[in-house]
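Colleague: One structure, as structure tokens, below. Some questions next.
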Amino acid sequence: MEKIRDLIDAKKTNLQVKEDKTKGLYIKDATEVYVSNPEEMMNVMNMGSANRSVAATRMNATSSRSHSIFLVIVSQKNTKTDAEKLGKMFCCDLAGSEKTEKTEATG
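Under the numbering used here, think of the first position of the sequence shown as -2, with each following residue one higher.
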């Protein structure tokens, strides 16, 4: 069975997928980081990327052995009318996208 771990806080392992009427599907206890500019967002993404499982394959010396999902939520509020807009973008990087017979990857 696959285990979900938090790439921002490596101490959080074996996290659970939950469902909520408001949130929809989510990962319980996953780290959420507020950022206010692109540089801060890239720092968080780089921190998570550094904590991914990697292993050498014949095609790639540092091939990722883990999937990664990064959720970006952008919110905007009109201060005069209190109207709010919300957008979500899921960035997914799937491990092992190379052809296995070429990489000689195992596991």
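From the three backbone atoms N, C-alpha and C, an ideal C-beta is built for every residue, glycine too.
1. Going along the chain, which residues of its own chain have a beta-carbon closer than 6 Å to the beta-carbon of Lys74, five neighbours each way excluded?
2. Is Lys0 near the ligand ZN, going by C-beta to nearest heavy atom under 6 Å?
3. Looking at the strands, I want to know which residues DSSP matches up with Ser65.
4. What are the residues that DSSP puts in a beta bridge with Lys82?
5. Would you kindly report the start and end of the unbroken alpha helix (DSSP H) that includes Glu16?
6. Within its chain, find whatever has a CB closer than 6 Å to the CB of Gln13; leave out the 5 residues flanking it on each side and keep chain order.
7. What is the residue span of the alpha helix (DSSP H) that Val41 lies within?
Modeller: Well, looking at it:
1. Glu81
2. Inclusion of the ligand ZN in the displayed structure is not the case, the ligand content being empty and no account of it being possible.
3. Asp90
4. Gln73
5. Here Glu16 belongs to no alpha helix (DSSP H); instead the beta strand (DSSP E) covers 14 to 17.
6. Lys25
7. 35 to 47
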